[in-house]
Every structure is written in C-alpha cells, then in structure tokens.
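In my numbering, the protein residues as written are 65 to 970.
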C-alpha cells in the first residue's frame with residue numbers, strides 16, 4: 065500500500081449525532097429474574113403441582129379429623145410432611161442451581177474497560193470500547209480485538225482470527241477487490257466485533273456498533289427464552305396425568321363401594337343424619353386414597369438425583385447450570401459440534417517437518433534452519449501464565465514453528481536477539497511469503513531467509529531439492545500434495561548467503577533468485593487426543609455426531625476422518641453440505657437429508673441454530689457443543705448446550721453445561737451420568753409406585769368389604785414420606801454405570817414407566833396385597849402375641865374364609881402388620897437397585913456406601929418408631945425374636961428377585 069491517506073475522523077458534534085442515531089457500542093444484556101421468581105418457578109414441575117393438590121386434600125381431611133372427630137394435633141402430621149417434601153424438593157433444586165450460577169459468574173467475568181486508538185478531530189485519541197460510535201476511524205495492531213463491525217480503509221499483511229464467529233482461526237483480509245475470497249463467510253474487506261488481529265495492522269471505519277454488530281445479533285439471540293421442554297419434563301407430565309387419573313378413579317370406586325355396602329346393609333328406615341356422617345367419612349377415605357396415591361418422594365427423588373449428578377459431574381469437569389440438563393444429556397440422540405477448540409486444540413502445530421538435509425541442529429544446515437524459523441518471524445511465545453502452557457502471540461502459524469523449535473530444545477529468542485536484521489519484508493497476502501535479510505554474527509556475511517507458500521518460494525530457488533540436487537522439485541510437490549489432501553497448511557523454506565551490502569528487496573518484492581530450497585513443514589490444528597475415542601463411544605451409544613464449522617470442506621472432512629466420523633462409505637454429495645447450500649435449501653428438503661449429513665462446512669452462526677431446530681422438528685433430542693460466539697444461538701436452541709471453559713462469554717451464557725477442561729470425552733461422561741440418572745429415577749418410581757399400589761388396593765378392598773385399613777395416617781406418613789425420602793436418597797446416590805452406554809437412546813415420546821416396570825409394580829404390589837390381606841385375616845382369627853407360633857396352614861385356612869373373620873386387631877398385631885409392611889418394601893428396594901442391570905443386587909454393593917448407610921437407617925428408624933412411637937404412631941414395642949423373624953422372613957422378597965434375575969441371565 066504505497067499511497068498514504070490523511071484521515072480526519074469524526075468531529076465531536078458528529079460523535080454526538082451518531083451516538084443519538086445509532087447508539088453506543090454496548091451490548092444490551094437481559095436482566096436476570098429476581099430470586100423469588102426463580103424459586104417460584106420450581107413449583108411448576110408437574111409432580112409438585114399434584115403434590116400441592118394433595119396437600120390441600122390432606123389438610124382438609126386433617127382439619128375434619130381434628131375439629132369434627134376431635135382427634136389430636138398429630139392428624140396434621142400428614143399435610144405437614146407433604147409440605148416438607150415440597151419445600152425440600154424445590155429448595156434443593158433452587159440451592160444447587162444458584163450455587164452453579166455463582167460458580168459460572170466467577171468463571172465468566174467480562175471486562176469492557178478497554179481503550180482503542182480512534183481518529184477524531186484529525187487526531188489520534190483513546191476511546192473506551194463502549195463509547196465507539198458508527199463512523200469512527202479505528203487503528204488496530206496485532207493482538208487487539210476488533211471492537212465493532214466495519215470496512216477496511218487500509219490493511220497491511222492483515223490476518224484475523226474469526227474462530228469466535230466462523231470457526232476459522234486465520235482469515236486473510238485485504239482492500240483489493242481482485243483478491244477477495246469469494247467463499248469467505250464475511251467479505252474480505254470487512255472485520256467483525258469479537259474477532260482479533262493475529263498479524264499485520266489496519267485502519268477501518270466502523271459501520272455497526274453494539275447490538276447491530278454480527279456479534280451483537282448472536283448475543284441478542286441468546287436472550288430469547290428457551291421454551292424447549294426436556295424429555296424428563298415431558299415424561300413427568302405424562303406420569304402426573306396418569307397418577308391423577310388413576311387416583312381419582314380409585315377414589316370414585318371407594319365411594320361407590322362404600323355406598324353399595326351402606327345401602328345393602330340398611331334394614332331400618334333411612335336416617336339422613338347417619339347417612340350424612342357416613343358419606344362424609346367415605347369422602348375422607350377417598351381423599352386419603354388420592355393423597356396415598358401421590359408419590360410424595362418422587363419430586364424428592366428427581367431433585368436429589370439431579371443434585372447428586374450435578375455435584376458429581378462437577379468433579380468430571382462438567383459445570384451444570386441448569387439441573388434438568390443432567391438428565392437430558394442421557395436422552396440425547398444428536399450432538400452438533402463445532403471444530404475449532406472443541407474437536408481440535410485451537411493451536412497450530414507442526415504436523416510433520418520435511419527437510420531432507422536435516423540431521424540435527426549441530427551442523428551448518430541445522431543452524432540455518434533454526435535461524436530461518438526464529439529470525440524470519442514476527443511471532444512470540446508467552447510463558448508467563450503457566451510453565452506447561454505456552455501462549456502464541458502473533459501469527460499462530462509462525463508460532464507453531466517456534467513451538468516446534470522448543471520441542472527440539474532450541475530457544476528461538478537468543479537466535480533472534482543475536483541476529484542483526486538488515487532488512488525485512490513481512491508476510492502479505494499479495495506476496496504470500498516473508499523474507500528477512502540478516503548479518504551472520506560469526507562470519508559477518510548476509511543470509512537471506514524466505515518462507516511462505518511452497519510453490520511461490522520454489523520459484524526463487526535454483527534447484528528445488530537437496531543442496532546436492534538429489535531430490536527434485538517434483539518429489540517436493542508430491543509431498544506437498546499429500547499434505548494438502550490432508551487439509552494441512554504448508555510452508556516452504558529457502559535461504560541464500562550473500563554479501564551484507566547486497567540489495568535484496570526492490571519495490572516491496574524479493575529481488576534475488578537462486579535460493580537454496582530447504583524443505584517444507586505441514587502445519588495443522590491437531591485433533592485433541594481424547595476426541596476419537598469419545599466420538600466412537602457416542603456413536604456406539606446410538607448418538608449421531610454432526611460437525612458444523614466455518615472451515616473449508618476439505619479441512620472439515622479431514623477432521624471428520626481423523627475422529628472416525630468419516631469413513632469409506634461416506635460421499636460428499638450425501639454426507640456433506642456447505643453453508644451456502646444449506647441456506648438455499650428449503651426446510652422440507654433438508655429434513656430428508658439430515659440423517660445422512662455428518663459435516664456442515666463454511667457455516668454461518670445462524671445455520672447451526674436452524675440445523676438444531678430442524679432436528680428437533682424430526683423428534684431428535686439435540687445437544688450442541690461450542691466455544692465461540694457463533695455457536696451461541698444453537699447452544700440456546702438445543703435441549704442441552706455445552707460450552708467450553710475457555711469459550712467466549714456469549715457462548716457460556718447461552719449454555720446449560722460448561723465443559724471446564726474443553727474435553728469432548730467429558731461429553732461422553734455427561735451422557736453416561738444422564739442415562740444413569742434416568743435409570744435411578746426409574747428405580748425409585750418402581751419402588752415407590754409398588755408401595756402406593758399396595759396401599760391403595762388395601763384401602764379399596766377395605767372399602768368394598770367394610771374392613772378398616774390397619775395402617776393409620778401417621779404410619780402411612782412414615783411409609784409414604786420419610787421411608788420414601790430415605791429410599792430416594794439411597795437410589796439417587798447409586799454410582800453411574802458404564803453399561804448404559806451400550807443402550808440406544810430412549811424414544812423421546814416414551815413413558816418414564818416402561819412395560820417392564822408396569823408388570824413389576826402391579827405384579828409385586830398385587831402379591832404384597834394378597835400377602836398382607838391374608839395376614840389381616842390370620843391376625844383377626846388368631847390371638848397373636850408372637851410370630852414364633854405362626855402357622856402357614858392356618859394362614860391359608862383363614863385367607864380363603866375371610867367372611868368368617870371375627871375380632872379386632874390388638875395393638876401388638878397392628879405393630880406386627882405395620883413392621884411387616886415396611887420390611888417388605890425395604891427388601892423390594894434392593895430389587896429396585898438391580899433393575900435393568902442384568903446383575904445381582906449385590907454387584908458393586910461395596911461402591912454404594914450411601915445406599916448401604918440409608919438401608920441401615922431405614923431398619924434402625926423402623927425399630928425406633930415401633931419401640932418408642934407409642935400413641936402418635938399407634939404402635940407398641942415388639943420382641944427381639946419377632947424382629948428377627950420379620951427381617952428374615954420378609955427377605956424372601958429379595959431372594960425371589962435374585963433367583964428371577966439369575967434365570968434371566970441364564
């Protein structure tokens with residue numbers, strides 16, 4: 065750029081006018097919801113809603129017992145217990161999410177107090193980033209971030225890192241229209257906010273600021289509320305609906321049954337007062353059925369499982385901000401991932417050096433090669449942050465050469481400091497090479513170093529082979545083609561020794577020929593070491609992987625090949641699409657191709673969001689990974705957004721989970737946790753619904769047979785609430801199982817209660833009802849003071865002659881019945897633990913310390929309540945022999961389950 069310009073910039077008056085007309089450069093941030101509103105949102109869960117309804121019914125029934133029947137204040141324990149369950153479930157969820165948000169805020173601090181060099185009133189001045197306005201003329205140097213969108217006025221060797229917007233780590237920019245890249249995401253003379261200058265410098269005029277910038281549009285898209293329901297939300301909606309309908313149906317049957325019994329036994333004239341009291345009592349029993357049918361422990365189980373997973377996932381470098389994202393990862397069917405920084409390291413590295421004459425850095429050629437890389441460069445390495453982490457300052461490609469020297473134990477800095485630079489041509493897109501002429505510190509002669517596009521550098525060489533000309537140019541070009549087919553960046557190196565006063569440059573170009581071609585290097589942004597295995601794990605788990613990147617088709621396909629996503633069965637026409645083709649294709653046509661597409665190249669920010677929406681319309685559960693601003697709309701639109709720990713603030717704000725170690729393998733762990741969490745919730749539902757079915761059927765049978773339920777309200781409180789809460793803790797704390805990664809993703813519309821669970825709930829629940837009903841008949845016809853004299857013959861005799869049952873249950877018999885009921889459920893909890901494992905319940909029991917401790921707490925709690933509960937729980941202490949018989953006798957539930965699992969394995 066020979067011609068120089070004098071830029072006047074805006075006047076103070078124009079700055080004010082443009083500020084009023086276009087606004088300042090600040091992004092509009094959405095105000096967060098107040099804490100009270102965030103807490104109230106926890107009450108919108110479907111199970112919590114039906115619990116609230118059950119709370120009202122329970123409070124009404126307790127009030128009736130207290131004020132009409134003059135029972136003690138303990139009648140209010142049931143509604144108090146339900147209220148406690150509601151507050152605990154919502155409170156735990158609220159606490160963990162707030163805690164995660166605080167960690168996130170510390171992780172994602174953003175500082176806009178940055179000054180930029182701006183020309184105003186014909187002078188260069190410093191202006192804060194947020195105070196820049198449309199029309200400002202800004203001067204940018206290497207390393208600076210672009211503060212606003214604009215068009216270039218001048219550009220010297222300008223290279224921009226657009227990875228935050230397009231995924232491209234290095235994009236060449238120019239003002240010469242004949243050198244524009246027609247496939248570039250943004251025009252070659254246009255730079256965008258949020259990108260950064262990696263090489264060269266420029267002057268540009270601001271055209272858009274704040275929300276109007278490309279970065280701002282993406283940021284604004286992040287503010288849209290995410291209304292996508294998670295699979296768990298949908299399944300709990302269905303479960304709540306089923307529970308509501310079933311409980312109401314049973315309640316209606318109770319009312320009908322008791323009314324039929326009343327009129328059947330009516331032998332005198334009809335008494336309205338007596339009937340009114342009977343009807344009111346019947347309604348109270350019906351309400352009790354509804355309360356019993358509602359699984360008080362379920363929201364606790366879901367919340368505790370989510371909270372436990374949330375905390376444990378943090379240990380695997382997954383910072384979960386939204387609790388339901390834990391479980392949703394387990395339902396994921398498609399992962400849309402960006403390339404740069406997620407699949408790759410986002411640091412250019414020398415893939416392979418190809419220098420035929422290189423034997424080491426001790427000989428003359430080696431010393432020349434080291435100096436060629438160290439001196440003929442404008443990049444630096446920053447070791448200040450961490451001894452093991454080196455940051456490249458300047459051009460990342462040049463930085464890769466310096467890093468390679470470092471790995472060979474060659475420090476570039478002393479070489480650069482010793483070399484006296486006579487003259488230098490920095491890299492430019494026009495020349496496609498860089499040249500530095502230095503005076504050799506020992507000989508005093510001049511050495512000219514040239515590096516750049518190999519085909520250009522070769523043109524300056526006398527012979528394109530070894531110094532002895534044994535290797536031809538064709539051999540180098542063959543190697544060059546191999547690297548280019550692997551989507552590598554290639555750099556060629558040449559040198560020539562000259563007299564120190566030799567003119568080597570003329571009119572900004574190299575004026576010397578006959579150089580010696582040294583060789584080439586292949587440079588790439590390498591795939592993270594753990595990615596291929598993580599991709600294979602996700603594919604094995606039935607999850608589709610789709611790469612969406614702003615990179616070229618060749619580069620994207622090569623990365624897909626390296627991570628085992630692209631194989632010999634893939635074709636460009638079927639499995640790849642460019643951003644231009646994607647944008648031009650109508651939705652219906654795209655939906656038909658989505659299952660086959662594995663790579664979307666040259667994608668713009670909103671292409672990824674559109675892809676996510678179309679996949680969701682096909683019924684897919686979509687997770688999106690990304691670290692750039694360009695990924696934010698898709699991160700927000702997906703059921704689960706996964707940002708990287710070193711990603712942009714916008715990306716992290718849009719995400720549900722932040723992968724702190726930037727490792728794709730952490731995503732596989734998140735899927736495993738999600739699937740295990742869903743399995744734990746199913747285990748608890750299997751356990752608790754079995755209890756609820758047994759309790760409801762006992763009440764229903766009692767209504768039709770005129771038999772009073774042997775379980776009091778306070779006893780049901782222990783069974784339905786406290787014991788279930790302990791069971792929720794036990795089953796929620798089970799460790800994740802790697803075996804879940806062998807399963808395919810569950811169907812999005814599937815019920816959380818599977819057919820196998822339905823059989824288990826009604827089969828085991830029905831068996832418990834028959835067993836307990838037989839015990840009732842046995843206790844009513846026998847005077848039981850100890851179980852030591854239990855007769856199985858008498859048990860069956862009384863079972864089949866229930867009409868002849870006489871007498872009432874004694875306090876000791878009621879305590880026996882209560883404890884047997886609890887211990888049956890206790891052993892069934894072990895069966896629930898083994899659900900869908902295909903293994904014994906004792907498998908990995910040593911790793912389930914939480915489960916064991918809670919199981920012990922349930923037994924100790926039952927013994928304590930039965931011994932000391934007295935009048936409140938309507939119990940009396942049991943003998944030690946009876947406890948041993950109850951615990952040992954009811955354990956057959958576990959042994960039957962173990963035998964059944966053994967046969968299924970066989």
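Just so it is clear, CB atoms sit at the ideal spot from N, CA and C, and this is done for glycine as well.
Taking a cut-off of 8 Å for Cβ pairs, the stretch 214-226 and the stretch 115-123 do not touch, as fewer than three such pairs fall below it. Between residue 191 and residue 200, the C-beta spacing is below 9 Å. Looking at the DSSP output, residue 180 sits in a beta bridge with 191. Counting C-beta pairs closer than 8 Å gives fewer than three between the stretch 877-885 and the stretch 894-908, which falls short of the contact rule. With 16 or more other CB atoms across the displayed protein chains lying within 10 angstroms of its CB, residue 733 is buried. The continuous alpha helix (DSSP H) containing residue 604 extends over residues 595-604. Here residue 463 is near residue 456, since their CB atoms are less than 9 Å apart. For the pair residue 710 and residue 691, the CB atoms are nearer than the 9 Å cut-off.
Between the stretch 667-686 and the stretch 393-401 there are three or more inter-stretch CB-CB distances shorter than 8 Å, so the stretches are counted as touching. Annotated three-state conformation of residue 708 is strand, per DSSP. For residue 215, the uninterrupted beta strand (DSSP E) segment begins and ends at 213-226.
Going by DSSP, residue 476 is part of the alpha helix (DSSP H) stretching over 476-482.
Of the candidates 351, 349, 326, 326 places its Cα closest to the Cα of residue 339.
Taking C-beta separations shorter than 7 Å and ignoring five residues to either side along the sequence, the partners of residue 918 in its chain run 790, 793, 794, following chain order. The residue from 158, 370, 88, 127 with its alpha-carbon nearest to that of residue 100 is 158. In this structure the stretch 616-636 does not touch the stretch 564-580; the number of beta carbon pairs closer than 8 Å is below three. Separation of residue 195 and residue 230 (C-alpha to C-alpha, rounded to the nearest whole angstrom) is 26 Å. For residue 728, the three-state secondary structure derived from DSSP is coil. Around the Cβ of residue 75, a 10 Å sphere holds fewer than 16 other Cβ atoms; the residue is exposed.
When beta bridges are read from the DSSP output, residue 581 appears opposite 558. By the Cβ criterion, the stretch 424-433 is not in contact with the stretch 718-728, since fewer than three pairs of Cβ atoms, one from each stretch, lie closer than 8 Å. Taking 9 Å as the cut-off, the Cβ atoms of residue 237 and residue 265 do not count as close. Between the beta-carbon of residue 715 and that of residue 741 there is about 25 Å, and that puts the pair past the 8 Å contact cut. About 6 Å separates the CB atoms of residue 454 and residue 447; that is less than 8 Å, so the two are in contact. Non-local C-beta neighbours of residue 958 in its own chain, meaning closer than 6 Å and more than five positions away in sequence, comprise 891, 894, ordered along the chain.
When only Cα atoms are considered, residue 648 and residue 702 end up about 22 Å apart. DSSP places residue 233 within a strand segment (E or B) once states are collapsed to three. In the DSSP secondary-structure assignment, residue 612 is bridged to 664.
For residue 660, same chain residues with a beta-carbon under 8 Å away, outside a window of 5 residues either side, are 638, 639 in chain order. Within the same chain, and ignoring the five residues on either side of residue 596 in sequence, the residues whose Cβ sits closer than 6 Å to its Cβ are 627, 628. Comparing alpha-carbon positions, the option among 676, 509, 144 lying closest to residue 560 turns out to be 509. Contact annotation, residue 642 with residue 666: C-beta distance approximately 5 Å; criterion of less than 8 Å satisfied. Spanning the alpha carbons of residue 825 and residue 754 requires a straight line of approximately 5 Å.
Contact between residue 295 and residue 434 is ruled out by a C-beta separation of about 57 Å, above the 8 Å threshold. Linking residue 887 to residue 858 through their CA atoms gives a straight-line distance of about 22 Å.
Relative to the Cα of residue 305, the nearest Cα in the group 357, 321, 269, 696 belongs to 357.
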